[in-house]
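Colleague:
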Amino acid sequence: MAQGFKDHFSGVAGAYQAFRPGYPPALFDWLAGAAPRRDLAVDLGCGNGQASVGLAGRFQAVIGIDPSAEQVAHAERRAGVSYRAAPAEATGLADACADLVIAAQAFHWFDPAPFARELARICRPGAVFAAFTYGRSSVAPEIDAHVDRLYTDIVGPYWPPERAHVESGYRTLPFPWPELAAPTFVLEERWDLDRLLGYLGTWSSVSRYRKVRGEDPLVLVLDDLAAAWGPRDRIRTVTWPLTLRAGRVGASPDPELR
Numbered sequence: 001m002a003q004g005f006k007d008h009f010s011g012v013a014g015a016y017q018a019f020r021p022g023y024p025p026a027l028f029d030w031l032a033g034a035a036p037r038r039d040l041a042v043d044l045g046c047g048n049g050q051a052s053v054g055l056a057g058r059f060q061a062v063i064g065i066d067p068s069a070e071q072v073a074h075a076e077r078r079a080g081v082s083y084r085a086a087p088a089e090a091t092g093l094a095d096a097c098a099d100l101v102i103a104a105q106a107f108h109w110f111d112p113a114p115f116a117r118e119l120a121r122i123c124r125p126g127a128v129f130a131a132f133t134y135g136r137s138s139v140a141p142e143i144d145a146h147v148d149r150l151y152t153d154i155v156g157p158y159w160p161p162e163r164a165h166v167e168s169g170y171r172t173l174p175f176p177w178p179e180l181a182a183p184t185f186v187l188e189e190r191w192d193l194d195r196l197l198g199y200l201g202t203w204s205s206v207s208r209y210r211k212v213r214g215e216d217p218l219v220l221v222l223d224d225l226a227a228a229w230g231p232r233d234r235i236r237t238v239t240w241p242l243t244l245r246a247g248r249v250g251a252s253p254d255p256e257l258r
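In the UniProt record's numbering, the protein residues as written are 1 to 258.
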């Protein structure tokens, strides 16, 4: 693992692969359309490869890169997609090789200055960098209230400080590339209560709470959630707002990031 890498997810890599929401195909269509060519797309901080496989078929090759070897081991396999364990700041890729680079729910973990330099190195002229993140889930007010209580009151102190960048829609992170106008996207899943609970269990704050306190915080909201949900196997629509920042990468990063 990379020096300084904050590994919040290796311990739940299998659950992360099983319970995280998928991205809409329209998102990947837009990203592919914005790229100058479709030879190579790179997914940095790829985790379980959800976004990597979403790009498959739209590019000749896709490379998913994550500093966690455990996450890479659990990543979804797909023709045309390969994976490697490396940090976003030192990918090991060739110079000027990528047409599109994405960071799906990962940009807030990167070290801004060395990442900007690495991105400038691996991108072809006119390549696109896109960072996207999703916020809190929403089902119905009576259910959301209990999820919000878990998020804020119970595991709130256990969120890593980088979570604030997700809450801001990445507006608090340096973005020195000329931005492209991007459409609005929403993640949507049809889940029963157990799938929602599995998703909540992948939160980094929940993992840290369990490690520090030796208890499962989901127990503290389970009865209220179950009462609000209705029959446990009832299927409900779960949505997440998605924030996308995309820019055209130039020859070098902003001088302030050198």
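Don't be surprised by glycine CBs; every beta carbon is placed ideally from N, CA and C.
Remember, it's a predicted structure, so these values are computed and weren't measured experimentally.
Would you mind listing the beta strand (DSSP E) stretches within the stretch 208-254 that are 3+ residues and don't spill past its ends, in chain order?
Modeller: Segments of the beta strand (DSSP E) lying fully in the stretch 208-254: 236-248.
Colleague: Would you call the CB atoms of Asp-43 and Gly-22 closer than 7 Å?
Modeller: Counted from its first residue, the sequence shown places residue 43 at position 43. Counted from its first residue, the sequence shown places residue 22 at position 22. Their beta carbons are not under 7 Å apart, which means Asp-43 does not touch Gly-22 by this criterion.
Colleague: What do you get for Asp-66, buried or exposed, if any count of 16 or more other CB atoms within 10 angstroms of its CB means buried?
Modeller: Start at 1 with the first residue of the sequence shown, and residue 66 comes out as number 66. When all chains shown are included, Asp-66 counts as buried.
Colleague: Quick check for students: name the residue ranges of the alpha helix (DSSP H) that lie wholly in the stretch 34-122, counting only runs of 4 or more.
Modeller: Taking only runs of at least 4 residues, the alpha helix (DSSP H) segments lying wholly in the stretch 34-122 are 50-55, 69-74, 112-122.
Colleague: Using only the alpha-carbon positions, how far apart do Gly-135 and Arg-124 sit?
Modeller: As a working mapping, residue 135 is identified with position 135 in the sequence shown. As a working mapping, residue 124 is identified with position 124 in the sequence shown. Looking at the two C-alpha atoms, the distance is approximately 31 Å.
Colleague: Could you name the residues of the same chain whose beta carbon sits closer than 8 Å to that of Ala-2, not counting the 5 residues immediately before and after it, in chain order?
Modeller: Start at 1 with the first residue of the sequence shown, and residue 2 comes out as number 2. Because the pLDDT of Ala-2 is 40, which lies under 50, any placement of that residue in the model is unreliable, and the number read from its coordinates should be weighed accordingly. Around Ala-2: Pro-67, Ala-86, Pro-87, Glu-89, Ala-90.
Colleague: Looking at Val-155: is its Cβ nearer than 7 Å to the Cβ of Ser-205?
Modeller: As a position in the sequence shown, residue 155 is number 155, starting the count at 1. As a position in the sequence shown, residue 205 is number 205, starting the count at 1. Taking 7 Å as the Cβ cut-off, Val-155 and Ser-205 qualify as a contacting pair.
Colleague: Since I believe Gly-169 is in contact with Thr-243 (beta carbons under 8 Å), could you give me their beta-carbon distance rounded to a whole number of angstroms?
Modeller: Start at 1 with the first residue of the sequence shown, and residue 243 comes out as number 243. Start at 1 with the first residue of the sequence shown, and residue 169 comes out as number 169. Confirmed, Cβ separation roughly 4 Å.
Colleague: Tell me, please, which residues DSSP counts as bridged to Arg-195.
Modeller: Here residue 195 corresponds to residue number 195 of the sequence shown, with the count starting at 1. None; Arg-195 has no bridge partner.
Colleague: Less than 7 Å between the beta carbons of Val-101 and Phe-129, yes or no?
Modeller: What you label residue 101 is simply residue 101 of the sequence shown in a count that begins at 1. What you label residue 129 is simply residue 129 of the sequence shown in a count that begins at 1. Yes, the pair counts as a contact, with Cβ atoms nearer than the cut-off.
Colleague: Can you give the beta carbon distance from Val-221 to Arg-171, rounded, assuming they're within the 8 Å contact cut?
Modeller: Translated into positions along the sequence shown, residue 221 becomes position 221. Translated into positions along the sequence shown, residue 171 becomes position 171. About 30 Å separates the two Cβ atoms, so there is no contact after all.
Colleague: Nearest-angstrom Cα distance between Lys-6 and Arg-232?
Modeller: For the purposes of this step, residue 6 is taken as residue 6 along the sequence shown, with counting starting at 1. For the purposes of this step, residue 232 is taken as residue 232 along the sequence shown, with counting starting at 1. Residue confidence for Lys-6 is low, a pLDDT of 47 falling below 50, so the modelled location carries little weight; the figure read from the coordinates is stated next. Distance between the alpha carbons of Lys-6 and Arg-232 is about 35 Å.
Colleague: Which stretch, first to last residue, makes up the alpha helix (DSSP H) that contains Pro-141?
Modeller: Indexing the sequence shown from 1 puts residue 141 at position 141. That run of the alpha helix (DSSP H) goes 141-149.
Colleague: Mapping DSSP to helix, strand and coil, what is Arg-20?
Modeller: Along the sequence shown, read from residue 1 onward, the residue named residue 20 stands at position 20. It is coil, neither helix nor strand.
Colleague: Starting from the Cα of Gly-57, find the closest Cα among Leu-31, Ala-75, Glu-70, His-74 and give me that residue.
Modeller: Translated into the one-based positions of the sequence shown, residue 57 becomes position 57. Considering only alpha carbons, the answer is Leu-31.
Colleague: Looking only at its own chain, which residues have a Cβ that is under 6 Å from the Cβ of Asp-95, when we skip the five neighbours before and after it?
Modeller: Locating residue 95 in the sequence shown gives position 95, where the first residue counts as 1. Same-chain partners within the cutoff: Arg-121.
Colleague: Relative to the C-alpha of Ala-228, which candidate in Lys-211, Val-186, Arg-163, Asp-192 has its C-alpha closest?
Modeller: Residue mapping note: residue 228 aligns to position 228 of the sequence shown, counting from 1. Checking every option, the nearest Cα to that of Ala-228 belongs to Asp-192.
Colleague: Identify the residues that DSSP records as bridge partners of Leu-187: which are they?
Modeller: Within the sequence shown, the letter at position 187 stands for residue 187. Answer is Trp-240, bridged to Leu-187.
Colleague: Judging by CA-CA distance, which residue of Gly-250, Trp-177, Pro-217, Ala-51 is the nearest neighbour of Gly-201?
Modeller: Here residue 201 is taken as the residue at index 201 of the sequence shown, counted from 1. Residue Pro-217 is the option with its Cα nearest to Gly-201.
Colleague: Just to confirm before moving on: does the CB-CB distance between Pro-176 and Arg-248 stay below 7 Å?
Modeller: On the sequence shown, residue 176 is found 176 positions in, with the first residue counted as 1. On the sequence shown, residue 248 is found 248 positions in, with the first residue counted as 1. No, the pair does not count as a contact, with Cβ atoms beyond the cut-off.
Colleague: Going by the CB atoms, is the gap between Ala-104 and Phe-59 shorter than 7 Å?
Modeller: By one-based count along the sequence shown, residue 59 stands at place 59. By one-based count along the sequence shown, residue 104 stands at place 104. In this structure, Ala-104 does not lie closer than 7 Å to Phe-59 by Cβ.
Colleague: Excluding sequence positions up to five away, which residues of its chain have a Cβ less than 6 Å from the Cβ of residue 259?
Modeller: In the structure displayed, the chain extends from 1 to 258; residue 259 sits before or after that span and is not available.
Colleague: Whose C-alpha, out of Ile-143, Arg-38, Trp-159, is nearest the C-alpha of Ser-207?
Modeller: Counting from 1 along the sequence shown, the entry for residue 207 is found at position 207. Nearest of Ile-143, Arg-38, Trp-159 to Ser-207, Cα basis: Trp-159.
Colleague: In whole angstroms, give me the CA-to-CA distance for Asp-99 and Phe-28.
Modeller: Indexing the sequence shown from 1 puts residue 99 at position 99. Indexing the sequence shown from 1 puts residue 28 at position 28. Their Cα atoms are separated by approximately 14 Å.
Colleague: Look at Pro-25 and Phe-185 and say whether their C-beta atoms are less than 7 Å apart.
Modeller: The sequence position of residue 25 within the sequence shown is 25, counting from 1. The sequence position of residue 185 within the sequence shown is 185, counting from 1. Taking 7 Å as the Cβ cut-off, Pro-25 and Phe-185 do not qualify as a contacting pair.
Colleague: Tell me the rounded alpha-carbon separation between Ala-34 and Leu-40.
Modeller: Your numbering for residue 34 matches position 34 in the sequence shown. Your numbering for residue 40 matches position 40 in the sequence shown. The alpha-carbon atoms of Ala-34 and Leu-40 are separated by roughly 13 Å.
Colleague: One question on the structure: do Ser-52 and Val-81 come within less than 7 Å of each other, judged by their Cβ atoms?
Modeller: Against the sequence shown, residue 52 aligns to sequence position 52. Against the sequence shown, residue 81 aligns to sequence position 81. The answer is yes: Cβ separation under 7 Å.
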